[in-house]
Structures are given as C-alpha cells and as structure tokens.
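Take 58 as the starting number for the sequence shown in our numbering and just add one per residue.
Virtual Cβ for every residue (Gly too), placed ideally from N, Cα, C.
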Amino acid sequence: MKAIKIPYDQLSPEALQGVIEEFVTRDGRDYGEVEMPLGTKIAQVMAQLRSGKAVIVFDQETESCTILKSDDPLVKVLEG
Numbered sequence: 058m059k060a061i062k063i064p065y066d067q068l069s070p071e072a073l074q075g076v077i078e079e080f081v082t083r084d085g086r087d088y089g090e091v092e093m094p095l096g097t098k099i100a101q102v103m104a105q106l107r108s109g110k111a112v113i114v115f116d117q118e119t120e121s122c123t124i125l126k127s128d129d130p131l132v133k134v135l136e137g
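This is how it looks when you write it as structure tokens:
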C-alpha cells in the first residue's frame with residue numbers, strides 16, 4: 058500500500074465533509090447499541106481530527122481515503 062497522511066485542514070470544507078460522510082456511512086460500521094444521527098457522527102469524527110486523535114489517510118494505489126486513529130500501526134509506519 059502506498060499511503061500518505063492528508064492534514065484535514067488542507068482539504069476544502071466540501072472535500073472534508075465528503076470524506077467524513079463517506080467514512081461514517083460505510084456499510085458494516087458498528088456504533089454500538091444506540092443509533093446516532095449522521096450529524097452527530099460527523100461532528101465526533103471532526104472533533105477527533107481536530108484534536109489529533111484521528112488522521113485522514115489517502116491510499117495512492119486505490120485512490121481512496123479513510124480515517125484512522127492516530128495510534129493505528131499504519132499511521133505509525135507513515136510517520137516513520
């Protein structure tokens with residue numbers, strides 16, 4: 058995998074919104090027993106990006122983005 062971290066603040070507001078919305082609406086995501094509104098999920102992810110607890114990763118091979126926790130092993134490799 059050829060991946061790079063993308064600072065969230067370097068994306069346009071529209072692109073950032075799209076990345077976060079796509080991430081929180083992916084099939085198979087488990088948010089526990091209580092279903093949360095989409096806006097709440099988006100706000101939570103945005104807060105994690107702002108605080109540095111999560112990062113956006115772009116895979117150059119698949120041309121796709123994902124959001125990972127900052128302590129994810131892949132993120133550590135990218136920083137290495």
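Quick check on the burial criterion: 16 or more other C-beta atoms within 10 angstroms. Buried or exposed for L106?
By the 10 Å Cβ count, L106 comes out buried.
Return the residue from the list V134, E120, E118 and A111 that minimises the CA-CA distance to Y65.
The residue with the shortest Cα to Cα distance from Y65 is A111.
Hey, how far is the Cα of D116 from the Cα of V91?
Looking at the two C-alpha atoms, the distance is approximately 31 Å.
Work out the CA separation of P70 and K98 for me, nearest whole Å.
Whole-angstrom Cα-Cα distance: 17 Å.
Excluding the 5 residues preceding and the 5 following K59 in the sequence, name in chain order all residues of the same chain whose CB lies nearer than 6 Å to its CB.
Q117 and E118, listed in sequence order.
Going by beta-carbon coordinates alone, are V114 and F80 separated by less than 8 Å?
Against a cut-off of 8 Å, the Cβ pair of F80 and V114 comes out as no contact.
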